[in-house]
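**Student:**
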Amino acid sequence: MTRCLSLFGATGSVGQSTLDLIRRDGEAWRVGVLTANSDVTELAKLAREFRPDIAVIADEARHGELAEALAGTDIEAAAGADALVEAARRPADLVMAAIVGCAGLAPTMAAIESGTDVALANKEALVSAGELMTAAARTSGSTLLPVDSEHNAIFQCLAGGRIEQVRRIILTASGGPFRTMSAADMARVTPSEAVAHPNWSMGAKISVDSATMMNKGLELIEAHHLFPVGLERIEILVHPQSVIHSLVEYIDCSTLAQLGSPDMRIPIASALAWPQRMATPCAPLDLATIARLDFEAPDEVRFPATALCRAAIAEGGARPAQLNAANEVAVAAFLAGRISFPAIVDTVRRVIDAAAPAAPTSLHDIFSVDAASRAAARYFVDQCEHA
Ligand SMILES: NC(=O)c1ccc[n+]([C@@H]2O[C@H](COP(=O)([O-])OP(=O)(O)OC[C@H]3O[C@@H](n4cnc5c(N)ncnc54)[C@H](OP(=O)(O)O)[C@@H]3O)[C@@H](O)[C@H]2O)c1
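What follows is the structure in structure tokens.
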């Protein structure tokens, strides 16, 4: 039976990997929605190929450009934040949430509230509004299928037991491109060095997050919401080869792991086909050639982001949303050459130290915290730049 997929963030790294799989399995899928932020050319190209009902560009100023690029087709062209939310409410068998940043929160929540199953790549949405999102999923019956390779691995390992019988969840981390670099040398790294991940090909923001290890901290928060085993039972283990994508240890001391080549199409395929499996063009794992797998404890002195994230989720309330928004601003400032690499996590820490926002009870509260945190982060970025 043909299933309908709505894809948010179609032009990005996860979006393109998703479409690569859909393209190869055209009989199984119909695309209902495709979206992008500002890349009209790529969005229109994808829309002409996949023929969705609607293509949405988040940047309202580009509505005319998109309509023109889709002229002569029966594809509806829409623009703006409200259009994204409206598109997310349309009936679909699966929504792929692959927008980067908290910008993905409103459409992802709209899909969840509509009861649609969501393949969740957009970790920042879950970090910012984890309690609200998981509560909404429980109410509507929407299933959250993790796409992040680590969470997808844990999801798969949990099929081998019951969550009440989990003793530990071990999130693996590659350690990023600066795993062995001294703190002094990290002060001089450039954006192009930071986005050059040793194992994965990803968008710029998550690549920088991997380099600071903020990505692993965000994933710790994500795991806490998706797999409620208790924060103290979720550990981080550095594993430079990115072959084991995470592990689950049960009370009988059996540890289950999911392994695979570092190719996002594997966890994406797992989420698309769940509860079935689908074939992928990915390289099968050749362990004889890989020969060895290494592990080390994370260094929270050179990489303080994971401890910051653990403290934020332990405190709960608005802290994770505040942390996430500050990080988004700081990463953008680093990529623009405005602040140094260590200043990313310093900026996040300064924002957290400067204010303790009240616990959010609604999406509106989350957006207020997000806005205030962004303003504070911009202030500290300006200070840093002019220091
Ligand atoms: N890439 C990976 O391997 C990977 C792995 C695990 C998890 N994730 C998570 O998946 C998400 C996407 O990552 P990515 O690497 O695919 O990012 P990316 O390559 O930067 O793509 C981001 C997508 O979101 C769109 N977008 C950006 N800002 C937006 C906004 N304000 N409003 C609406 N749409 C917006 C972009 O559109 P334009 O192209 O028009 O800018 C693009 O389609 C992130 O949350 C990331 O943490 C990614």
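For the sequence shown, my numbering assigns the number 14 to the initial residue and increments by one for each residue that follows.
Glycine is no exception: its CB is placed at the ideal position from the N, C-alpha and C atoms.
Going by other Cβ atoms of all chains shown within 10 Å of its Cβ, with 16 needed for buried, is Glu232 buried or exposed?
**Tutor:** Under this definition Glu232 is a buried residue.
**Student:** Taking the alpha helix (DSSP H) that Ala388 falls in, what are its first and last residues?
**Tutor:** Ala388 -> alpha helix (DSSP H) spans Leu376 to His399.
**Student:** Count the CB pairs spanning the stretch 172-179 and the stretch 57-77 that are closer than 8 Å, and state whether there are at least three.
**Tutor:** The stretch 172-179, when compared against the stretch 57-77, does not touch it at the 8 Å Cβ threshold.
**Student:** In whole angstroms, what is the alpha-carbon distance linking Leu18 and Val108?
**Tutor:** Roughly 6 Å between the two C-alpha positions.
**Student:** Could you tell me whether any non-hydrogen atom of ligand 3 is closer than 7 Å to the CB of Glu137?
**Tutor:** This structure simply doesn't include ligand 3; it includes ligand 1 instead.
**Student:** Please classify Met14 as buried or exposed, where buried requires at least 16 neighbouring CB atoms within 10 angstroms.
**Tutor:** That one is exposed.
**Student:** Who are Phe21's beta bridge partners in DSSP?
**Tutor:** Paired residue(s): Ala110.
**Student:** For Met199, verify whether its CB is less than 7 Å away from any heavy atom of ligand 1.
**Tutor:** Outside the cutoff, so no.
**Student:** DSSP puts Gln271 in a beta bridge; with which residues?
**Tutor:** Paired residues: Ser259.
**Student:** Between the C-alpha atoms of Phe191 and Pro204, what's the straight-line distance to the nearest angstrom?
**Tutor:** About 12 Å.
**Student:** Could you spell out where the beta strand (DSSP E) holding Asp130 opens and where it closes?
**Tutor:** Start and end: Asp130 to Leu133.
**Student:** Going by the DSSP bridge assignment, what does Ile249 pair with across the sheet?
**Tutor:** Leu184, per the DSSP bridge assignment.
**Student:** State the start and end residues of the unbroken beta strand (DSSP E) segment that holds Thr86.
**Tutor:** Taken as a continuous stretch (DSSP letters only), Thr86 belongs to no beta strand (DSSP E), as it is neither H nor E.
**Student:** Can you tell me the Cα-Cα spacing of Pro370 and Pro355, whole angstroms?
**Tutor:** Cα to Cα, Pro370 sits roughly 25 Å from Pro355.
**Student:** Any contact between the stretch 22-31 and the stretch 45-58? By contact I mean 3 or more CB pairs, one from each, below 8 Å.
**Tutor:** Yes, they touch.
**Student:** Whose C-beta lies closer than 8 Å to the C-beta of Glu235 among residues of the same chain, with five residues either side of it excluded?
**Tutor:** The residues are Lys136, Leu139, Val140, Gly143, Pro159, Asp161 and His164.
**Student:** Using the C-alpha atoms, what's the distance from Glu309 back to Gly252?
**Tutor:** Going by the sequence as given, residue 252 is His instead of Gly. When rounded, the distance between both Cα atoms is 7 Å.
**Student:** Which residues does DSSP list as the beta-bridge partners of Val44?
**Tutor:** DSSP lists Leu18 as partners of Val44.
**Student:** Use the C-beta contact count for Ser155: other C-beta atoms within 10 angstroms, 16 or more gives buried, fewer gives exposed.
**Tutor:** Burial call: buried.
**Student:** In the structure shown, what three-state DSSP assignment does Glu309 receive?
**Tutor:** Residue state, collapsed to three classes: strand.
**Student:** What are the boundary residues of the alpha helix (DSSP H) that includes Ile483?
**Tutor:** With the chain covering only 14 through 400, there is no way to say anything about residue 483.
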